[in-house]
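Below is one structure, written out as structure tokens; the observations come after it.
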Amino acid sequence: MEVIGIRPTVDFVFKRLFGSPEHPRITIHFLNAILGPSLQIRSVEICNPFLNKETEDDKLAILDILAKDDHGRLINIEIQLTVPAGIHQRLTYYVSSLYSGQLKEGVEYTALNPAISICVLTKPMYSRDPRLHLDFRLRDPSGLLLTNDLQIHLLQLSKLSKTVQNVSQATSIEKWAYFLVNAANLSLNGIEGLFPEAEFSEAAGVLDMISHNPEQRQLYDARLKLQLDEAARLEGALNQGRAEGRAEGELFGQIMLLQELLGIAELTRDELTNLSELQLSEVTEEFKRRLRNRSV
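What the sequence shown shows, in the working numbering, is residues 42 to 337, in sequence order.
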């Protein structure tokens, strides 16, 4: 049976799924899964609806989704294939901007609606935390809640533990995570067999449409290539940074040992951390020269 072959985690597809006014049921079901049962969403307005032209010249601009639910809450939804530097600050800044941007002259603070950011991550932001869904709000260390008006939700897809054998008994969050990770390798019938909810069948239909529509497929392929190229570039930079960090760490250790052998303490740990790799190399060679001279 033919698999769909379209990755929902490509931002072009992700926005087609969750940012299209044509498919509000998908967005509502996904949001209710993330935000929980306490305040169920019945309708949603997409404030920046999906437009094909957004993907033609935007290169690697993030195709995020801004929605407003029937409770007035402003919700930003995005997907990230990497964990770029500053993402903690960016998420905080963006949700704060959504919140404060509502305050116009003459508007009371009590009129502000909650602002929520949902970030789906294919790589974990918190690698040691096993949870699939992380929910950040303003609380004190004891857990006392100040307000629900600012929320940041992370969906760490790499933490998904459900398999094809037990996903039918999974929570709604786990089902969406499984769909995002595995839908490309499933057929339409396979998805319908795993998920009886109509929203998943509708989402699978969106993927199938992209697969068979030449224009949509071209846009998908272009975005996929750009994202893979950017992910490879970032991974290469990260590996280089790790290699440089290991080299600096080795030099740091050599200098501390050489100072001990020479019986000197010319450079403290804090001073060494402020030196470049080249400067550390020069210090290492100088201390080695002193040690050789002492042995002569």
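We put the CB at the ideal spot given by N, CA and C, even for glycine.
Annotation: the continuous beta strand (DSSP E) that includes GLN192 extends over 186-197. In this chain, the beta strand (DSSP E) harbouring ARG178 covers 174-180. In this chain, SER158 is not harboured by any alpha helix (DSSP H); it is covered by the beta strand (DSSP E) spanning 156-162.
Here DSSP, grouped into helix, strand and coil, assigns ILE82 to coil. The alpha-carbon of VAL124 is positioned some 44 Å away from that of LEU303. Cβ-Cβ distances below 7 Å link PHE71 to PHE59 and TRP217 in the same chain, with the five nearest sequence neighbours on each side left out; the list follows chain order.
The shortest C-alpha to C-alpha distance from GLU243 to any of GLN295, CYS88, SER138 and PHE220 is the one to PHE220.
Within the same chain, and ignoring the five residues on either side of TYR261 in sequence, the residues whose Cβ sits closer than 7 Å to its Cβ are ILE47, VAL51, PHE53, VAL54 and ILE251. Residue burial annotation: ALA108 is buried, with at least 16 other C-beta atoms found within 10 angstroms of its C-beta. It is roughly 23 Å from the alpha-carbon of TYR167 to the alpha-carbon of ASN73. For LEU201, there is no enclosing alpha helix (DSSP H), as DSSP marks it with neither H nor E. Under the DSSP assignment, ALA245 falls in the alpha helix (DSSP H) whose first and last residues are 239-253.
Checking the DSSP bridge columns, you'll see LYS109 partnered with GLU86 and LEU115.
Looking from the CA of SER213, the closest CA among ILE67, ASP181 and GLN300 belongs to ILE67.
Residue pairing of GLN259 in beta bridges, as defined by DSSP: absent, with no partner found. ARG114 counts as buried, since no fewer than 16 other beta carbons sit within 10 angstroms of its beta carbon. ILE232 places its beta carbon 8 Å or farther from that of GLN192. Assigned with DSSP and collapsed to three states, ILE305 falls in coil, not helix or strand.
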